[in-house]
Every structure is written in structure tokens, then in C-alpha cells.
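Chain order of the listed sequences is A and B.
Sequential numbering from 1 applies to the first sequence in the UniProt record's numbering.
Sequential numbering from 1 applies to the second sequence in the UniProt record's numbering.
Glycine included, every Cβ here is placed at the ideal spot set by N, Cα and C.
Notes follow once the structure below has been shown.
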Amino acid sequence: MTTQAILPERGLPDRLTATFWRRPRLLLVLLLTPPLLWLGVVYLGSLAALLWQSFYSIDEFSGMVVPEFTLKTYAELFRPSNLDIIIRTVGMSAAVTLGCAVLAFPIAYYAARYARGRWKAVFYLGIMLPLWSSYLVKVYAWKLILAKEGIIGWAATGMGLGGVLDAVLAIPVIGGNSLSTSYIGTFLVFVYVWLPYMILPMQAALERVPTSMLEASADLGASRSQTFRTVILPLAMPGVIAGSIFTFSLTLGDYIIPSIIGNSANFIGMAVYQFQGTAGNIPLAAAFAVVPILIMLVYLTLARRAGAFDAL
Amino acid sequence: MPSEDRPSLGLRLGALGGLLFLHLPILLIFLYAFTTEERSFQFPPPGLTTKWFAVAWFDRPDIWPPLWLSLKVAAIATAVALVLGTLVSAAMSRASFFGREQISLLILLPIALPGVITGMSLRSAFGMMDIPFSVWTIVLGHATFCIVIVYNNAVARFRRLSGGILEASADLGANAFQTFRHILLPNLGSALLAGGMLAFALSFDEVIVTTFTAGTGLESKTLPIWMLDELIRPRQRPVTNVVAIVVFVATFFPILIAYYLTRGGSETAGSGK
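Printed below as a string of C-alpha cells:
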């Protein structure tokens with residue numbers, strides 16, 4: 001026999017291939033080094049810098065950063081005005097998450113169970129396009145809608161419901177001068193902007209619910225609402241929790257929406273932006289930024305326990 | 001007995017209402033670009049005109065530098081994300097190894113945590129290291145959260161690619177680089193293009209991270225920052241709408257293309273996202 005079982009090496013690429021074959025770990029290390037360097041140095045390094053600076057403080061008289069380790073800045077978070085900001089933000093995030101879950105369900109359920117063929121594509125694009133289209137454009141669109149002279153005010157007056165709108169706006173805490181300067185406005189825009197992030201995981205979870213299970217439930221005499229409560233909802237829950245990770249986290253950190261639409265009440269994101277910018281208090285801004293990190297770490301741990309990560 | 005074969009009226013109305021809720025506000029942007037009313041958001045518009053498109057094109061030179069900067073930043077960030085995202089997805093598609101879970105968390109973290117944290121972290125780091133703001137500080141932030149977009153697309157394609165095809169290539173005498181060039185790249189191509197499109201759209205539109213990583217000067221004003229300024233201190237409101245349409249179109253087509261490039265895999269029930 002003269003044919004060789006092993007082909008001759010024809011140069012460096014072949015030799016490298018042989019090396020990779022013998023030592024697959026080497027290839028793995030080569031593949032992973034550049035991305036891990038980037039994420040490790042740029043991202044984790046920055047997170048470390050943030051954490052580091054949150055332990056500095058600011059000198060009250062000179063306004064300069066004192067580069068000494070202290071917990072003073074964190075103590076400032078517990079001042080009533082700052083605690084208010086945190087509570088307000090978390091409350092809004094929870095409300096937005098709930099609002100998204102309620103609005104998302106019919107869309108997700110219809111898309112998962114009834115949409116076929118062309119309609120499936122319509123639903124998919126119908127959710128993906130708003131998800132990916134410009135965030136600022138969406139916020140801006142709502143500025144147009146919620147403005148005093150905008151479309152909602154016009155429609156309410158046209159239908160003779162102007163009084164209803166005024167009554168809603170007169171509700172103490174959530175109301176305001178116009179929809180675009182009230183908590184209702186902020187809430188609406190948040191729900192609108194993050195809604196697709198809730199629909200997608202919810203739809204994925206609902207698609208995994210076997211039809212036979214719903215038939216079995218009906219065969220056993222369950223009504224529609226019973227099937228919904230005892231079969232569909234529990235099975236959709238991981239999807240809801242997965243979606244809530246996004247809606248909750250995104251609301252927690254956003255500062256554009258409450259600064260454009262709302263009654264200029266402060267949110268965590270706005271506090272971070274203001275303290276690092278005009279106020280020049282980087283340590284307090286950093287400490288404020290650590291709050292969402294801690295909240296999200298707890299949230300992610302709970303979500304993981306609920307099995308939501310499989311639905312992501 | 002309730003029939004589960006047909007959706008109830010309530011469900012149909014809920015789904016339709018939800019889809020309309022998602023789309024009508026954006027259409028309004030288009031309408032307001034043609035309004036003759038310059039100062040308020042009066043609805044219905046008192047009159048319609050196309051003059052704002054001309055105004056935006058000829059009389060507002062302040063729009064062009066931000067537009068170019070946004071295109072430049074998005075292009076560089078996408079290129080970086082494509083390289084890094086492909087590398088890490090290639091590594092993650094292989095059999096399990098130590099630290100795999102941690103790496104997938106690390107890739108996900110920049111979008112799982114709010115943007116304000118990425119922004120504030122980078123700003124802290126720039127401050128501590130005395131790095132001056134430039135195009136590159138913006139790119140640094142954008143590329144970091146674009147990696148996950150490329151990664152998601154590429155890793156999904158890797159999973160569908162059977163290992164046998166790579167072994168066959170090796171059996172036929174191709175070395176790793178030839179296999180990459182002739183087998184892997186053509187198979188990954190559309191997924192990478194889709195990931196790149198989405199990363200580009202994301203970077204082109206990013207505002208929160210940018211406000212922290214861009215300086216205050218004109219030379220680091222991206223288009224979303226320009227829009228944000230116009231929202232807070234409006235000059236000619238309809239012109240902002242014209243630019244909003246441009247931004248919308250600039251992100252709309254990449255998404256549509258990305259959809260057509262990857263739709264083969266998303267048809268199967270349960271694959272969801």
C-alpha cells in the first residue's frame with residue numbers, strides 16, 4: 001500500500017490545525033481571549049471602578065472628591081429625599097411590570113396558539129418592529145399623544161369625555177396638569193416602550209403548553225376561566241417572570257422617559273445623571289447606580305429559582 | 001363544553017388592540033412631520049405641508065454632523081461586536097468547559113443591567129484613568145452591549161449546524177482555516193449579517209449609555225443626543241419629526257432584513273426568541 005492514511009502537512013495552517021486537534025483547549029483559549037479581555041477589562045473593570053468610587057465621598061465645603069474609603073455616601077442614600085427616589089422607582093417598575101404582563105397576555109396567547117402561517121409572521125414582525133425601532137422616536141410619539149392639545153385630549157373632547165379626562169387628572173397623586181406631566185403619562189410610556197420585551201418570552205412559554213393538556217382540562221369539565229387559572233397561567237409563569245426581568249430592570253434604570261414625560265419627580269436613573277453631571281457628586285451617583293445592581297441581583301436570583309432562565 | 005379551537009372575541013380584541021397600541025403612536029410621528037403648526041402638538045394638524053423636509057435638508061446644518069457621527073460609531077461598534085461576538089459564540093457552541101455559565105452571564109450582563117449602570121460605570125472608569133471623551137469612548141460603550149446581539153444570532157445558528165459537516169470537511173483534508181472559510185462562514189453568514197444589522201440599529205439609536213460616555217462638545221453629539229436636546233429645548237418641532245422619520249427608517253430596514261435572514265429557524269414552535 002502506498003496511499004497514506006494521514007495527509008502530509010502543507011504548511012502552517014495545517015500544522016496549526018493538527019495542534020488544535022490534539023489540544024482543543026488551546027483553540028478554546030484563543031477563541032475566548034479577545035472577547036473576555038474586552039468584557040473583562042472594559043465592562044467588569046468599569047463596574048469595579050463604579051463600585052470603588054461609590055466608597056469615596058465628597059467634601060462638603062470644597063465640593064472635591066475625597067479619595068478615602070468611607071460608607072458615608074451610602075448612608076446618604078437613606079436620607080428621606082433619596083429614599084423617596086428609590087421607593088418611587090421600585091414602585092413604578094413594579095407597576096409597569098404588572099401593566100406589561102396584563103397587556104402582553106392576549107397578544108402572546110393569540111400569537112402562540114391561534115396565529116398560523118402568514119398571521120404568525122404578522123404577529124412576529126408586529127412585535128419585533130416596535131421592539132427594535134428607535135427608543136427616542138417612541139418616547140417622542142407619546143409626547144405628541146399626551147400633550148394637552150394632543151390626540152387624547154382632542155378625542156376626549158370630541159366624544160364628550162373631556163370631563164372624565166379632567167377627573168382622572170384631578171386624582172391627587174397620579175394626576176397632574178396634563179397627561180404628559182403626570183405619573184399616568186410616565187406609566188403609560190414605560191408600558192408602551194417595554195411591552196414587546198414581555199410579549200416575546202411570554203409567547204415562547206405559551207408555545208410550549210401542549211394543546212392536549214387544554215383538551216384534557218376541558219374534557220374533565222373545567223370552564224375556560226378554570227383552565228386559564230389552573231393550567232395556562234402556571235405554565236406561562238416562567239415566561240412572565242423572564243419578561244419581568246427586562247421590564248423591571250429597564251424601568252429601574254431609565255431616566256429619559258421620566259425626564260421628558262412626567263411631573264419631574266426624581267427617579268434613580270435621573271439621580272445618577274444629575275449627581276454625576278451638574279452636581280459633580282460622582283460618589284453619590286455611583287452609590288445610586290449600585291442600587292439597581294443590588295435589586296437586580298436579588299431579582300435574578302429569585303427568577304432563577306422560579307425556573308425563569310429556561311424561558312429566556 | 002367550551003371549544004378551544006377558536007379564539008374568543010375578547011382574546012381577539014385584546015390581541016388586535018395590543019398590536020394597534022404598539023403601532024399607532026409611531027404612525028403619528030409621520031403625520032406630525034407634515035403639520036403646519038410649528039409650536040404646539042395640536043391635533044388634528046391645522047394644515048399639511050411638505051416644507052419641513054426641505055427645511056431639514058437645507059436650513060438645518062446642525063443635523064448633519066450628528067448623523068455622520070452616529071453612522072460612524074454604529075459602524076465601528078458593529079465591526080468590533082461582530083468579531084468578538086463570533087469568537088465567543090464559536091467557543092460557547094463547543095462542549096461544556098469550566099466557567100461556561102459565568103461567561104454567558106458576563107455576555108448578557110451589559111443588557112440585563114440597566115443602561116444607566118453601563119454608562120455610569122464607564123464614566124467612573126474614564127474619570128479614574130483620565131481618559132478624555134472622544135468617538136472612541138462612545139464606541140467602547142456601544143460595542144460592549146452589541147456583542148450580545150451578535151452572540152445570540154450566531155450561537156443559535158451554531159446550534160442548528162450539525163457537527164458532522166465540520167468532520168466531513170476535515171475528513172476530506174481541509175484544515176481548520178479552510179473549513180472556516182468554506183464551510184463555517186457560508187453557513188454562519190446570514191446569521192452574522194442579521195446580528196450585525198441589529199447591532200447597528202441598536203447602536204445607531206442608543207441614547208442612555210451615550211449621554212454618559214460622550215463629552216459635552218459638539219463633536220461628540222450623536223443623532224439621538226441631538227434629538228434629546230430638541231425634545232427638551234425644541235426649535236422647530238416638525239423638523240424633529242422629519243429626523244425621527246429618518247431615524248425610524250434607518251432602524252426599520254436593518255430589522256426587516258434581519259428578520260428575513262433568520263426567519264427559517266424561528267418558525268418552529270417553542271423557539272420563541
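- A distance below 7 Å separates the beta carbons of residue 190 of chain A and residue 257 of chain A.
- The DSSP assignment places no complete run of the beta strand (DSSP E) inside the region 18-50 of chain A (cut-off: 3 residues).
- Counting only runs that start and end inside the region 126-157 of chain B, there is no beta strand (DSSP E) element of at least 3 residues.
- Counting only unbroken stretches of 4 or more residues, the alpha helix (DSSP H) elements lying wholly within the region 187-218 of chain B are 208-213, in sequence order.
- Listed in chain order, the non-local C-beta contacts of residue 197 of chain B below 6 Å within the same chain comprise 254, 257 and 258, local neighbours out to five positions each way being set aside.
- DSSP places residue 35 of chain B within a strand segment (E or B) once states are collapsed to three.
- Between residue 210 of chain B and residue 138 of chain B, the CB-CB gap stays under 7 Å.
- Non-local C-beta neighbours of residue 215 of chain B in its own chain, meaning closer than 7 Å and more than five positions away in sequence, comprise 133, ordered along the chain.
- Within chain B, no residue has its CB atom less than 9 Å from the CB of residue 55 of chain A, the nearest being about 12 Å off.
- Think of a sphere of 9 Å around the beta carbon of residue 205 of chain B: the chain A residues whose beta carbon falls inside it are 132, 133, 134, 135, 136 and 137, in chain order.
- Closest in C-alpha terms to residue 206 of chain A, from the list A:118, A:231 and A:217, comes A:231.
- A distance below 7 Å separates the beta carbons of residue 223 of chain B and residue 67 of chain B.
- As DSSP reads the structure, residue 19 of chain B sits in no beta bridge.
- Assignment of residue 173 of chain A by DSSP, reduced to helix, strand and coil, places it in the coil class.
- Within the region 247-264 of chain B, the residues whose Cβ lies closer than 9 Å to some Cβ of chain A are 247, 248, 250, 251, 252, 254, 255, 256, 258, 259 and 263, listed in chain order.
- It is roughly 20 Å from the alpha-carbon of residue 35 of chain B to the alpha-carbon of residue 232 of chain B.
- For the pair residue 129 of chain A and residue 196 of chain A, the Cα-to-Cα distance works out to about 9 Å.
- Bridge pairing for residue 65 of chain A: A:58 [DSSP].
- Here residue 260 of chain B is exposed. Its C-beta has fewer than 16 other C-beta atoms within 10 Å.
- Checking the DSSP bridge columns, you'll see residue 48 of chain B partnered with B:35.
- Residue B:183 holds the alpha-carbon nearest to the alpha-carbon of residue 162 of chain B among B:143, B:153, B:183 and B:10.
- The C-beta separation of residue 176 of chain B from residue 16 of chain A comes to about 7 Å, placing the pair in contact by the 8 Å criterion.
- Contact annotation: residue 275 of chain A and residue 281 of chain A have beta-carbon atoms nearer than 7 Å.
- Exclusion of the five residues before and after residue 143 of chain B leaves 77, 80 and 81 as the residues of its chain whose Cβ lies within less than 7 Å of its Cβ.
- Annotated three-state conformation of residue 114 of chain B is coil, per DSSP.
- For residue 20 of chain A, the neighbours in chain B by C-beta distance under 7 Å run, in chain order, 176.
- The three-state secondary structure of residue 234 of chain B, taken from DSSP, is coil.
- In the three-state DSSP reduction, residue 210 of chain A falls in the coil class, being neither helix nor strand.
- Against chain A, the CB of residue 196 of chain B has no partner CB under 7 Å away; the residue lies outside that interface.
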